[in-house]
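Just so you know, the sequences run in chain order A, B and C. Start counting the first sequence at 31; every next residue gets the next number (the numbering used here). Start counting the second sequence at 2; every next residue gets the next number (the numbering used here). Start counting the third sequence at 55; every next residue gets the next number (the numbering used here). Using N, Cα and C, we set each Cβ at its ideal position, and we do this for glycine too. Notes follow once the structure below has been shown.
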Amino acid sequence: MNIFRTALLLAKKDLYSELKTKQIMVTQIIFAGLVIVVFSFAFDPANNTTKAVIPGVIWVIIVFAGILGLNRSFISEQRNDTMQGLLVAPMEAASIYLGKFLANFTMMMIVELVSIPFLFLLFDFKFYGSLPYFILVVFLGSFGFIAIGTFLAALAANSKSSEMLLPLLLFPITTPILIGVVQATRIILTNMEMFSSAVAWIQLVTAYDVIFFVVCFLLIDYVLEV
Amino acid sequence: MGFEFMYGAYSVAWVVIFSYMLILGKRHTKLKKEIEFLKQLEK
Amino acid sequence: MSMNLEREKAVLPGTQLTVKNSLDLSKILFGATVISMLAALYFIFIFAAEEVTMGAAQKIFYFHVSSAWLAFMAFFVTFVFSILFLIKRKRIFDTYAYISAEIGVVFTIIVLTTGPIWAKSSWNTWWVWEPRLITTLILFFIYIAYIMIRQMDGVWDKKARLAAVFGIIGFADVPIVFFAIRWWQTKFHPIVFGEGPSQKGGGIEGTMLVALFVSLAAFTILYSYLLHKGVSFEKMKLKVEQYKEKLREDLEK
Chain A
31 MNIFRTALLL
41 AKKDLYSELK
51 TKQIMVTQII
61 FAGLVIVVFS
71 FAFDPANNTT
81 KAVIPGVIWV
91 IIVFAGILGL
101 NRSFISEQRN
111 DTMQGLLVAP
121 MEAASIYLGK
131 FLANFTMMMI
141 VELVSIPFLF
151 LLFDFKFYGS
161 LPYFILVVFL
171 GSFGFIAIGT
181 FLAALAANSK
191 SSEMLLPLLL
201 FPITTPILIG
211 VVQATRIILT
221 NMEMFSSAVA
231 WIQLVTAYDV
241 IFFVVCFLLI
251 DYVLEV
Chain B
2 MGFEFMYGAY
12 SVAWVVIFSY
22 MLILGKRHTK
32 LKKEIEFLKQ
42 LEK
Chain C
55 MSMNLEREKA
65 VLPGTQLTVK
75 NSLDLSKILF
85 GATVISMLAA
95 LYFIFIFAAE
105 EVTMGAAQKI
115 FYFHVSSAWL
125 AFMAFFVTFV
135 FSILFLIKRK
145 RIFDTYAYIS
155 AEIGVVFTII
165 VLTTGPIWAK
175 SSWNTWWVWE
185 PRLITTLILF
195 FIYIAYIMIR
205 QMDGVWDKKA
215 RLAAVFGIIG
225 FADVPIVFFA
235 IRWWQTKFHP
245 IVFGEGPSQK
255 GGGIEGTMLV
265 ALFVSLAAFT
275 ILYSYLLHKG
285 VSFEKMKLKV
295 EQYKEKLRED
305 LEK
């Protein structure tokens, strides 16, 4: 499938350039760490009721660190004027979207892999729930977030104040993911008896992921028009 | 019984509607001035 | 530079005629708005019976629900015209989408202000975590984002295209937001207050229903008036710009 090959090519290019400098990923990880520290000032980690806040905090750090990465994904193209090159290349807009998405998603997963254990460490969170389901929820939530995030980053990149515009566009649209994923994480981490509700939330997030991934795929041509 | 709330809510709603119409009116007068100016230029 | 691309000769005598036609429609719509609003107020305050438990404050419901309905209508119109614009690329579609979104934001503000006032009067709390109210709040932010896209720097067709795409995504998101919030609220915090302020329970009385329909009609006419006024206004602005371009060109000769 030509789309996948070109998309993988683009993703590899982005990831290689990122791995050389490690600039953005390191910034994301440090930022996530700082947010965790700020949260530990805001909510007392020793207190038991703080445990209830942990699911929300996980997703706050994912969202904020994610925005940093998403901003970069198209800004670097603008700054180096390589955007035209991408559009003129013999690849469809859809593969540009797919490639950027794969790169962003990979980076997001790496950042999450580092920051979530750090969060559990700092808050001394005893992991009661089931690990596989937790990983599934994090995977699905990040998938949807990065999918719509990459799309909106492409949209916002057209503006001079794109870094301010992207959060404005992204936060309202991703509210269903955030609600679903925080609820599911809460149930999986603390309260496994209500597991059926967690499954329902996971279904909601999956539906969102599928719907918006397809919609973004269809509409990306209009966004990346010359 | 709750009259203050009712009056409050309705006044708020009308204030919003009227302020929007005021904004529209301001745009209108600005445009009218421009048109007048252009008409003068034409002469 | 792109302004020159849409330069056309502004035919001034011709525009006089069309201005007159739209003036008539504008006057008709304005008159209809005033009449229907007065009728609605009569129906709300005099015709409809007063609710037993909530008293006079319940009357807020008529304007609140009508505004909510019109806010969603306005955004649906934006959605439709966004799609039309992406397909046909005519500027008038984009104008309708934008003006409709603006009016939608106005109605959303009415919903978000009358809502808390009603909540304060009935449940003594300024904010209710009720699905429709929260969805309206998210809707508000989505359409503020839509308007921010149009404040972007650049040529009109790029802004219009991007805004249209966002309009489609935003509107597609709304049902999902609504269901997510409803699930969130009912699964873990069952609605304690019975039917909730926005859900018309089975027990709505006849006179109240009539008053609701009248105020709904009044708001719809208000929406049409504002839409028509806004769009004819944008059209005038465009013509003035074109005329200015023509003048600029003449001056350079």
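Not one beta carbon of chain C lies nearer than 7 Å to the beta carbon of S125 (chain A). In this structure, DSSP gives F139 (chain C) a helical state, which the three-state scheme calls helix. With the rule of 3 Cβ pairs closer than 8 Å, the stretch 168-178 of chain A counts as touching the stretch 94-110 of chain A. Its Cα nearest to that of Q58 (chain A), the residue A:L100 stands out among A:P85, A:L100, A:F69 and A:L39.
For W89 (chain A), the uninterrupted alpha helix (DSSP H) segment begins and ends at I84 to R109. Close partners of M290 (chain C) in chain B (Cβ separation under 7 Å): L32.
Taken in chain order, the members of the stretch 202-217 of chain C whose beta-carbon sits within less than 8 Å of a beta-carbon on chain A are M202, I203, M206, D207, G208, K212, R215 and L216. Just so you know, the alpha carbons of S269 (chain C) and I275 (chain C) end up roughly 10 Å apart. Rounded to whole angstroms, the gap between the alpha carbons of S154 (chain C) and S160 (chain A) is 48 Å. For K113 (chain C), the nearest CB of chain B lies under 7 Å from its own CB, placing it at the interface with that chain. Identification of chain C residues near E35 (chain B) by a Cβ-Cβ cut-off of 8 Å yields V294, ordered along the chain. At a cut-off of 7 Å, the C-beta of G9 (chain B) has a neighbouring C-beta in chain C. Sixteen is the threshold: when 16 or more other Cβ atoms of the shown chains lie within 10 Å of the Cβ of P85 (chain A), as they do, the residue is buried. Within the stretch 273-285 of chain C, the residues whose Cβ lies closer than 9 Å to any Cβ of chain B are, in chain order, L276, L280, K283 and G284. Residue contact check for G210 (chain A) against chain C: a CB pair falls below 7 Å. Distances from the alpha-carbon of V141 (chain A) to those of A:G63, A:D44 and A:Q233 put A:G63 closest.
Here E303 (chain C) carries a helix assignment [DSSP, helix/strand/coil]. Fully enclosed alpha helix (DSSP H) runs of no fewer than 4 residues occupy 192-203 and 205-220 of the stretch 166-224 of chain A, in order along the chain. Taking 7 Å as the threshold, the shortest C-beta distance from F84 (chain C) to chain A does not fall below it. Membership of K113 (chain C) in any alpha helix (DSSP H) is not indicated, and neither H nor E is assigned to it by DSSP. Rounded to whole angstroms, the gap between the alpha carbons of I157 (chain C) and E299 (chain C) is 30 Å. With respect to the 7 Å criterion, I207 (chain A) and V235 (chain A) are classified as neighbours on the basis of their beta carbons. Between A133 (chain A) and A41 (chain A), the gap from beta carbon to beta carbon is short of 7 Å.
A residue is called buried when at least 16 other Cβ atoms come within 10 angstroms of its Cβ; T204 (chain A) meets this threshold and is buried. In the three-state reduction of the DSSP assignment, A76 (chain A) falls in the coil class. Secondary structure note for L40 (chain A): its alpha helix (DSSP H) is the uninterrupted segment N32 to T51.
One Cα belongs to W238 (chain C), the other to I66 (chain A), and the distance between them is close to 26 Å. The stretch 113-129 of chain A makes contact with the stretch 37-57 of chain A: 3 or more CB pairs, one atom from each, lie closer than 8 Å.
The stretch 189-205 of chain C and the stretch 213-227 of chain C touch, with no fewer than 3 CB-CB distances between them shorter than 8 Å. By the CB criterion at 7 Å, I192 (chain C) and V131 (chain C) fall outside the cutoff. Rounded to the nearest whole angstrom, the C-alpha separation of F135 (chain A) and F169 (chain A) is 9 Å. Within the model, the alpha-carbon separation for F148 (chain A) versus R216 (chain A) is close to 18 Å. Secondary structure at A119 (chain A): coil, using DSSP grouped into helix, strand and coil. According to the DSSP assignment, F147 (chain C) belongs to the alpha helix (DSSP H) that extends over R145 to W177.
When CB distances to chain A are screened at a threshold of 8 Å, the residues of the stretch 135-150 of chain C falling below it are L140, in chain order.
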